[in-house]
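Quick note on UniProt numbering: the sequence shown kicks off at 1 and runs consecutively. Written out below as structure tokens is the structure these notes cover.
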Amino acid sequence: MDDEPACSMERSLQILGERWTLLVLREVLYGRHRFAEIQSSLGIASNLLSDRLKVLVDAGVLRTLAYQEAGSRPRQSYHLTPAGLELQPVLGALQQWGDRHRPRPAGPSACQRTRSTGRAVHVGFLDEDGREVPMEDVSLMASPEPQSSPLGQSG
Numbered sequence: 001m002d003d004e005p006a007c008s009m010e011r012s013l014q015i016l017g018e019r020w021t022l023l024v025l026r027e028v029l030y031g032r033h034r035f036a037e038i039q040s041s042l043g044i045a046s047n048l049l050s051d052r053l054k055v056l057v058d059a060g061v062l063r064t065l066a067y068q069e070a071g072s073r074p075r076q077s078y079h080l081t082p083a084g085l086e087l088q089p090v091l092g093a094l095q096q097w098g099d100r101h102r103p104r105p106a107g108p109s110a111c112q113r114t115r116s117t118g119r120a121v122h123v124g125f126l127d128e129d130g131r132e133v134p135m136e137d138v139s140l141m142a143s144p145e146p147q148s149s150p151l152g153q154s155g
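Next up, the structure:
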């Protein structure tokens, strides 16, 4: 029997649902790839960071690359996989929501811009033709449960 949740959001949260996880991913997106850089920036305990990095590597969100500084032992740096890169809109949506609904008096701590033009971008829903859909026109609907076929019948 499969113990995996049917809901893809719930399966995603099994990997991403711990508070530090998204902050670790944010640091990697900022270009911090070494354990000490991530730890220093976040102020996270080393055992918690080790655990979060292991979960993300095991889930295929991050990959490790070996490096060695002169006079030091070999270490691992952490880099986004294609699956990890696909989380950038998730982090961007959280930032966008926070900037709108939990703003800092000093203004946003980060901004999202295109690399090619430097123009500001935002996270939104696109239809299959690539047109943005207003938030009020988007609804989340549960998929119907797959029907199981009686034994001996093909479905």
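Built from N, CA and C at the ideal position, the CB exists for glycine as well. As the structure is a prediction and not an experimental result, all values here were calculated from the model.
- Thr64 carries a strand assignment under DSSP once its states are collapsed to helix, strand and coil.
- Taken in chain order, the complete alpha helix (DSSP H) segments of 4 or more residues contained in the UniProt domain "HTH hxlR-type" (7-106) are 8-16, 19-29, 35-42, 46-58, 82-85, 88-101.
- Residue nearest to Glu136 within the set Ala36, Arg11, Leu126 is Leu126 (criterion: CA-CA distance).
- An exposed status is given to Thr64, since fewer than 16 other beta-carbon atoms sit within 10 Å of its beta-carbon.
- Taking the Cβ atoms as the reference, Gly84 lies roughly 4 Å from Val61, within the contact range of under 8 Å.
- Restricting attention to Val28, Val55, Lys54, the CA atom closest to the CA of Leu42 is found in Val28.
- The C-beta distance from Arg113 to Val121 rounds to 6 Å, short enough to fall under 8 Å.
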